[in-house]
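**Student:**
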Ligand code: HAM
């Protein structure tokens, strides 16, 4: 089955995937906890959809001609395992909006008549060329607002609320210098008119474009606008702009979104070239970019309206708007900001100023354990484990050593992990009086084993 040559060769994580180790996960958890708290304040509930879906969902929802569907999906033919099953093409989700809308349709959430406000946090998969801020498995924190027309899902207030929520979330997370760019890509009528104009403008120049863009000029001209091909940029920049093809409805909708953003004090820049790389978008589209830490992959998050997506997936009319934050990029930004702060503080200190920056790890990491139990001699291991069980059940954070360790090794290990060490030797086991030492104060005392939990809880737990 495998063609590996040397069985002793260590196996590495697959290109474009990463392990997040315990010194990194506190920051990830902190970001997710903050996002959950902010989403709760805006009335969002969590949805968890499968990590793989029928390939057709993305082909229809995201669009056959998009880079995501045409080049980047992890797709496989899933063989039937029984006569009752059909073989089918499956795909690891490259994004979650299509899956969320599928679930909305499948569970008839529209029949409640209520606006559905749903958020998700989870991995996505795209076969892109890996680089800083771009991975093949990456994480998104996203949200969707969707409902029947009568629920007000189409209202510009929903667009502005989502954007204001994002501004508040990024501020609360401490992301500095973010920039919101937005545009309207019009409704389906506007898009039809714009497509005709694009085709006309592309016809005389299409032969000068790269082969991918030549094909797109035929099949889905809007996608030519997302092209990153350097040589094609002059031609792309001279193409007509969607803003000039918006009908009154779309212009009015967009103006109302902007007015609500002004009222909330959310700063933005209208970028008439922002069309986004997925086919389902209608009217408002947006991206938040940052200047620190991401280099060329500076889009921290993207989103927009998708008023026709439910119908494209065979569902009822259900306008919607949503976004997805690239969590990996959010973390990189926070880390780069903390690094910049630290460098600035060090520079200030070396010129005589106060040293104020703490490392990101100090700021986000969990504090040390309450205590380390050191059994003295292997015979004390069972009693040590039983004591650990009692203390843990009372909510304390405990590590247990091994009675085989020399006392010096137990102390070294304990000092790295915990704020206190509890010594459990034969004397202690017999007398029921345990030795407790605080590393911070150096104080050592004999404590009755039944009192240990109370004492540890009464001591300052902030390290
Ligand atoms: P998207 O622009 O394709 O939109 O992705 C959203 C964000 O995910 C990007 O801005 C970026 O931060 C992050 N991202 C995308 N690809 C990668 C990658 N390979 N590595 C690391 N981060 C990446 C969507 O996915 C839409 N579903 C957003 C949406 C929700 N629109 C409406 N509702």
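Numbering (the working numbering), first residue to last: 1283 to 1745. Glycine included, every Cβ here is placed at the ideal spot set by N, Cα and C. Bear in mind that the values here come from a model prediction, so they are computed numbers and not experimental data.
Can you tell me where the beta strand (DSSP E) with residue 1427 in it begins and where it stops?
**Tutor:** Walking along the chain shown from the start, residue 1427 turns up at place 145. Counting along the chain, the beta strand (DSSP E) containing residue 1427 begins and ends at 1419-1428.
**Student:** Under three-state DSSP, which class holds residue 1327?
**Tutor:** As a working note, residue 1327 is residue 45 in the chain shown. Note: residue 1327 maps to strand in three-state DSSP.
**Student:** For residue 1569, which option in 1402, 1466, 1403, 1325 has the closest C-alpha, if you only look at C-alpha atoms?
**Tutor:** Sequence index remark: in the chain shown, residue 1569 carries index 287 (1-based). When only C-alpha atoms are compared, the closest one is 1466.
**Student:** Quick one, which of 1617, 1727, 1413, 1543 has its alpha-carbon nearest residue 1575's?
**Tutor:** As a first step, residue 1575 is located in the chain shown; it is residue number 293 there, counting from the start. Checked all of 1617, 1727, 1413, 1543; the closest Cα to residue 1575 is 1617.
**Student:** Count the other C-beta atoms from every protein chain shown that fall within 10 angstroms of the C-beta of residue 1730, then say buried if there are 16 or more, exposed otherwise.
**Tutor:** Translated into positions along the chain shown, residue 1730 becomes position 448. Under this definition residue 1730 is an exposed residue.
**Student:** Hey, would you say residue 1357 sits closer than 8 Å to residue 1373, going by beta carbons?
**Tutor:** Here residue 1357 corresponds to residue number 75 of the chain shown, with the count starting at 1. Here residue 1373 corresponds to residue number 91 of the chain shown, with the count starting at 1. Yes. Within cutoff.
**Student:** Just the Cα atoms here: how many angstroms apart are residue 1345 and residue 1514?
**Tutor:** Here residue 1345 refers to the residue found at position 63 when the chain shown is read from its first residue. Here residue 1514 refers to the residue found at position 232 when the chain shown is read from its first residue. Cα-Cα distance, rounded: 22 Å.
**Student:** I'd like to know if the region 1555-1570 and the region 1583-1594 are in contact, where contact means that at least 3 CB-CB pairs between them fall below 8 Å.
**Tutor:** Segments in contact, yes.
**Student:** Taking all protein chains shown into account, decide if residue 1422 is buried (16 or more other Cβ within 10 angstroms of its Cβ) or exposed.
**Tutor:** As a first step, residue 1422 must be located in the chain shown, where it is residue number 140. Buried, since its Cβ has 16 or more Cβ neighbours within 10 Å.
**Student:** Using CA atoms only, rank isn't needed, just tell me which of 1666, 1677, 1329 is closest to residue 1383.
**Tutor:** To locate residue 1383, count along the chain shown from 1; it is residue 101. Taking only the C-alpha atoms, the option nearest residue 1383 is 1329.
**Student:** Relative to the alpha-carbon of residue 1437, which residue among 1600, 1679, 1735, 1320 has its alpha-carbon at the smallest distance?
**Tutor:** Working through the chain shown from its first residue, we reach residue 1437 at position 155. Closest option to residue 1437, Cα to Cα, is 1600.
**Student:** Report yes if the C-beta of residue 1514 is less than 7 Å from at least one heavy atom of ligand 1; otherwise report no.
**Tutor:** As a working note, residue 1514 is residue 232 in the chain shown. Incorrect: residue 1514 has no Cβ contact closer than 7 Å to ligand 1.
**Student:** Please classify residue 1711: is it buried, with 16 or more other beta-carbons within 10 angstroms of its beta-carbon, or exposed?
**Tutor:** Residue mapping note: residue 1711 aligns to position 429 of the chain shown, counting from 1. Per the 10 Å Cβ criterion, buried.
**Student:** Below 7 Å, is the gap between the Cβ of residue 1693 and the nearest heavy atom of ligand 1?
**Tutor:** Here residue 1693 refers to the residue found at position 411 when the chain shown is read from its first residue. No; taking the cut-off as 7 Å, the Cβ of residue 1693 has no heavy atom of ligand 1 nearer than that.
**Student:** Using a C-beta cutoff of 8 Å, does residue 1588 count as contacting chain D?
**Tutor:** Absence of chain D from the displayed structure is noted, only one protein chain being present.
**Student:** For residue 1444 versus residue 1603, is the C-beta spacing smaller than 8 Å?
**Tutor:** In the chain shown, counting from the first residue as 1, residue 1444 sits at position 162. In the chain shown, counting from the first residue as 1, residue 1603 sits at position 321. Taking 8 Å as the Cβ cut-off, residue 1444 and residue 1603 qualify as a contacting pair.
**Student:** Nearest-angstrom Cα distance between residue 1369 and residue 1420?
**Tutor:** In the chain shown, residue 1369 corresponds to position 87, counting from 1. In the chain shown, residue 1420 corresponds to position 138, counting from 1. Straight-line Cα distance between these residues: approximately 28 Å.
**Student:** Considering just the uninterrupted stretch of the beta strand (DSSP E) at residue 1553, what are its terminal residues?
**Tutor:** Counted from its first residue, the chain shown places residue 1553 at position 271. No beta strand (DSSP E) holds residue 1553; DSSP gives it neither H nor E.
**Student:** With burial defined as no fewer than 16 other Cβ atoms inside 10 Å of the residue's Cβ, what is the status of residue 1400: buried or exposed?
**Tutor:** In the chain shown, counting from the first residue as 1, residue 1400 sits at position 118. Counting Cβ neighbours within 10 Å, residue 1400 comes out buried, since at least 16 surround it.
**Student:** Candidates 1610, 1739, 1718: which alpha carbon is nearest residue 1405's?
**Tutor:** Position 123 of the chain shown, counted from the start, is the residue given in the question as residue 1405. Taking only the C-alpha atoms, the option nearest residue 1405 is 1610.
**Student:** So which of 1543, 1410, 1498 has the shortest CA-CA distance to residue 1448?
**Tutor:** Taking the chain shown and counting its residues from 1, the one referred to as residue 1448 is at position 166. The shortest Cα separation from residue 1448 among 1543, 1410, 1498 belongs to 1543.
**Student:** What residues in its chain sit with their C-beta under 6 Å from that of residue 1442, if we drop five residues either side in the sequence?
**Tutor:** Stepping through the chain shown from its first residue, residue 1442 is reached at position 160. Excluding positions up to five away in sequence, the list reads 1539, 1542, 1543.
**Student:** I need the straight-line Cα distance from residue 1351 to residue 1579, nearest angstrom please.
**Tutor:** Translated into the one-based positions of the chain shown, residue 1351 becomes position 69. Translated into the one-based positions of the chain shown, residue 1579 becomes position 297. Whole-angstrom Cα-Cα distance: 20 Å.
**Student:** Assuming residue 1378 and residue 1424 form a contact by the criterion Cβ under 8 Å, report the distance between their Cβ atoms to the nearest whole angstrom.
**Tutor:** Residue mapping note: residue 1378 aligns to position 96 of the chain shown, counting from 1. Residue mapping note: residue 1424 aligns to position 142 of the chain shown, counting from 1. Contact holds; Cβ gap of about 6 Å.
**Student:** Looking only at its own chain, which residues have a Cβ that is under 6 Å from the Cβ of residue 1720, when we skip the five neighbours before and after it?
**Tutor:** Start at 1 with the first residue of the chain shown, and residue 1720 comes out as number 438. If we look at residue 1720 and ignore the five residues flanking it on each side, its Cβ neighbours are 1702.
**Student:** Please classify residue 1359 as buried or exposed, where buried requires at least 16 other C-beta atoms within 10 Å of its C-beta.
**Tutor:** As a working note, residue 1359 is residue 77 in the chain shown. Classification for residue 1359: exposed.
**Student:** Which runs of the alpha helix (DSSP H), 4 residues or longer, sit entirely within the region 1489-1533?
**Tutor:** Fully enclosed alpha helix (DSSP H) runs of 4 or longer: 1493-1501, 1515-1519.
**Student:** Going by DSSP, which residues form a beta bridge with residue 1651?
**Tutor:** Position 369 of the chain shown, counted from the start, is the residue given in the question as residue 1651. Paired residues: 1700.
**Student:** Should residue 1726 be counted as a contact of ligand 1 given a C-beta to heavy atom distance under 7 Å?
**Tutor:** Stepping through the chain shown from its first residue, residue 1726 is reached at position 444. No.
**Student:** Are the Cβ atoms of residue 1673 and residue 1549 separated by less than 8 Å?
**Tutor:** Position 391 of the chain shown, counting from 1, holds the residue named residue 1673. Position 267 of the chain shown, counting from 1, holds the residue named residue 1549. Cβ distance not < 8 Å, so residue 1673 and residue 1549 don't count as in contact.
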